[in-house]
Amino acid sequence: MNLPVPSTPESWSGFSIARKQSVKKLRLKPLQLAMAYSAIAMGVLMKPRLVSQIVNNNGKPVYREEPEVLRKSLNQVS
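Using this note's numbering, you'd call the opening residue of the sequence shown number 501 and step up by one each time.
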């Protein structure tokens, strides 16, 4: 059997994390990568959600899920 060996940090090039192939090398799922970019941009890690609210035929919300912060990822510097 000729199975591929998982890559190690020593085998990554300087730009491999920024390239599309880096997702395969790091074995990240698209949602994980989106959460990471969002956490860097906003400074907090948010709980992922598929639906933010449900409205009835009149446009009145019948369900609303509030955003939930899982943890702060960066300290704010002024």
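We treat Cβ as the ideally placed atom computed from N, Cα and C, and that holds for glycine.
Rounded Cβ spacing between residue i and residue j (contact assumed at less than 8 Å)
{"i": "MET546", "j": "SER538", "result": "7 Å"}
{"i": "LEU528", "j": "PRO548", "result": "Their Cβ separation, rounded to whole angstroms, is 14 Å, which puts LEU528 and PRO548 out of contact at 8 Å."}
Cβ-based neighbour list, residue i, same chain, cut-off 6 Å, excluding 5 preceding and 5 following
{"i": "PRO561", "result": "GLN553 and VAL555"}
Same chain, Cβ closer than 8 Å to residue i, neighbours up to 5 away in sequence not counted
{"i": "ARG571", "result": "VAL544 and LEU545"}
Residues sharing a beta bridge with residue i, DSSP
{"i": "LYS572", "result": "VAL544"}
{"i": "PRO530", "result": "According to DSSP, PRO530 bridges with nothing at all."}
{"i": "VAL555", "result": "PRO561"}
Close Cβ partners of residue i (< 7 Å) along its chain, the five nearest in sequence each way excluded
{"i": "PRO567", "result": "MET546"}
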